[in-house]
Amino acid sequence: MTQTHSIVVDKIQMSKIGQTDFDTLVFGKSFTDHMLECTWRDGNWGDVHIKPYGPMQVEPSSKVFHYGQAIFEGMKAFKDVDGNAHLFRPQDNWKRFNSSAKRLAMPEVPEEIFMDGLKELVRLDKEWIQQGDGLSLYLRPFMIASENGVAAAPSTEYKFMVIMSPAKAYYKGDVRVIIASKFSRAADGGVGYAKAAGNYAASFYPNNLAMEEGYQQIIWTDAASHEFLEEAGTMNIFVRIGDTLLTAPNNDRILNGVTRRSIMQLAADHNIKVEERRVSIKEMNQAAQDGSLKEIFGTGTAAVIVPIKGYKHEDFKHELPDVQDSYATMLKKALVDIHYNRVEDKHNWLVRL
Ligand SMILES: *Cc1c(COP(=O)(O)O)cnc(C)c1O
Numbered sequence: 000m001t002q003t004h005s006i007v008v009d010k011i012q013m014s015k016i017g018q019t020d021f022d023t024l025v026f027g028k029s030f031t032d033h034m035l036e037c038t039w040r041d042g043n044w045g046d047v048h049i050k051p052y053g054p055m056q057v058e059p060s061s062k063v064f065h066y067g068q069a070i071f072e073g074m075k076a077f078k079d080v081d082g083n084a085h086l087f088r089p090q091d092n093w094k095r096f097n098s099s100a101k102r103l104a105m106p107e108v109p110e111e112i113f114m115d116g117l118k119e120l121v122r123l124d125k126e127w128i129q130q131g132d133g134l135s136l137y138l139r140p141f142m143i144a145s146e147n148g149v150a151a152a153p154s155t156e157y158k159f160m161v162i163m164s165p166a167k168a169y170y171k172g173d174v175r176v177i178i179a180s181k182f183s184r185a186a187d188g189g190v191g192y193a194k195a196a197g198n199y200a201a202s203f204y205p206n207n208l209a210m211e212e213g214y215q216q217i218i219w220t221d222a223a224s225h226e227f228l229e230e231a232g233t234m235n236i237f238v239r240i241g242d243t244l245l246t247a248p249n250n251d252r253i254l255n256g257v258t259r260r261s262i263m264q265l266a267a268d269h270n271i272k273v274e275e276r277r278v279s280i281k282e283m284n285q286a287a288q289d290g291s292l293k294e295i296f297g298t299g300t301a302a303v304i305v306p307i308k309g310y311k312h313e314d315f316k317h318e319l320p321d322v323q324d325s326y327a328t329m330l331k332k333a334l335v336d337i338h339y340n341r342v343e344d345k346h347n348w349l350v351r352l
């Protein structure tokens, strides 16, 4: 049975866009005028409410605070030179959201609610998508268990919400990383492939330890042996050895990144050889020593591509060389050109708003 959900819009009196300084944006700190909220109760989704962004009232017994049933997505909207706004591969985020929901015993969000709600919300706050290289609107759909009560069982009520934050390209300086040889982000049979809030909570402590040693991120390895590369902090990982790009295959410990998939496709379009296979630290260290390790980079929606300048693995330290024909630079440009509709969108990744 298909159900139609009406979208109820309550507009703000006056936009706060005038008080927002787009030149000094800090990632994820300012939010647009409106947000979306839709409640699931006892098996059914209610109407989609779009209303002014602001605080919400919740009881302290709300299940999300106790058992961490919380998932999210991260996606972006871009404006091209003609002022047309596009979402980038939103269908992929919707599907992943529901695969995360399923793993956390949460209800799936119907496509109609996710897509139509999102589009309506972005259209309403379209002015917040700034035009210009590196500028975008970061969309944060999320879902939380909102039933009151501390009995350890799945919630009988959930809130699907979307908030949006104007973003500019961020450059956080050189990134050096520690390769994990003790801590793990995810385990076999666990929730590593889901965008579960708790995955982030679990990574903050080891990441703080890395920062105390002067490194910005951790390269996660497989929990069982710590011998194979899995993710670069909160991004997927690519390693270039010789002229081949290597990336870890998806499994239940690895987040199936939309940026990763896009970069693999663009690399193939540029006749770069991509191998999706396990990459051992031993192989990477050997390549570092014989000079064939040319690049390591992370991919994700927020920063697109982040080149890694150096790494440490136990007692082994290595600085990456400056390469002339950087794949990271070339592939980032190829992807960003699609974001801003500057080149033909061969793979139909943009969705016009
Ligand atoms: C979100 C995320 C990524 C990147 O996914 P994209 O779809 O490319 O944004 C990679 N790893 C982790 C752990 C993530 O949470």
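Just so it is clear: in the sequence shown, position 81 is 80 by numbering that gives the first Met the number 0, and no numbers are missing. For glycine and all other residues, C-beta sits at the position ideal for the given N, C-alpha and C.
Bridge partners of V273 according to DSSP: L244.
Of all C-beta pairs linking the stretch 179-188 to the stretch 239-246, fewer than three are shorter than 8 Å, placing the two stretches out of contact.
Using a C-beta cut-off of 8 Å, the stretch 272-279 makes no contact with the stretch 288-302, since fewer than three inter-stretch Cβ pairs fall below that distance.
Residue range 62-66 is occupied by the alpha helix (DSSP H) that includes Y66.
Contact between the stretch 87-105 and the stretch 211-222 is absent: fewer than three C-beta pairs spanning the two stretches fall below 8 Å. Relative to ligand 1, the beta carbon of R259 is positioned inside 7 Å of a heavy atom. Residue nearest to G42 within the set R260, M105, S61, L334 is M105 (criterion: CA-CA distance).
Under DSSP, S164 forms a beta bridge with Y137. Separation of Q18 and M114 (C-alpha to C-alpha, rounded to the nearest whole angstrom) is 29 Å.
Here M13 is exposed, its C-beta having fewer than 16 other C-beta atoms within 10 Å. Excluding the 5 residues flanking it on each side, I262 has same chain C-beta neighbours closer than 6 Å at T298, L330, in chain order. Judged by DSSP secondary structure, H317 falls within the beta strand (DSSP E) whose first and last residues are 315-318.
The C-alpha of G197 lies about 34 Å from the C-alpha of A287. Rounded to whole angstroms, the gap between the alpha carbons of K316 and V350 is 44 Å.
For M34, there is no enclosing alpha helix (DSSP H); the enclosing beta strand (DSSP E) covers residues 33-40. Runs of the alpha helix (DSSP H) spanning 4 or more residues and lying entirely within the stretch 180-238 occur at 196-211, in chain order. If you keep only unbroken alpha helix (DSSP H) runs of at least 4 residues inside the stretch 61-111, you get 62-66, 89-102. Annotation for H269: M329, L330, A333 place their beta carbon closer than 8 Å to its own, counting only its chain and skipping 5 residues before and after. Note on geometry: alpha-carbon atoms of K345 and A266 lie some 14 Å from one another. C-alpha of P153 to C-alpha of D81: approximately 47 Å in a straight line. Counted as a single uninterrupted DSSP element, the stretch harbouring V121 is not any beta strand (DSSP E) but the alpha helix (DSSP H) occupying residues 116-123.
Contact annotation: L120 and M55 have beta-carbon atoms that are not nearer than 8 Å. At least 8 Å separates the beta-carbon of Y137 from that of R175. For F71 and N347, the gap between their C-alpha atoms comes out near 24 Å. At a Cβ-Cβ threshold of 8 Å, Y157 and A144 count as neighbours. By the beta-carbon neighbour count (other beta carbons within 10 angstroms, threshold 16), T233 is buried. The beta carbon of N97 sits no closer than 7 Å to any heavy atom of ligand 1. G67 places its beta carbon 8 Å or farther from that of R139.
A direct Cα-to-Cα measurement between L86 and D314 gives close to 44 Å.
Comparing alpha carbon positions, the residue from L24, H4, Y52 closest to V161 is Y52. Relative to the Cα of E282, the nearest Cα in the group E226, T155, M34, K125 belongs to E226. Exclusion of the five residues before and after I177 leaves A209, Y214, I217, K311 as the residues of its chain whose Cβ lies within less than 6 Å of its Cβ.
DSSP places E294 inside the beta strand (DSSP E), whose first and last residues are 292-299.
If you look at K345, you'll find it isn't in any beta strand (DSSP E); DSSP assigns it neither H nor E. Judged by DSSP in its simplified three-state form, I337 adopts helix.
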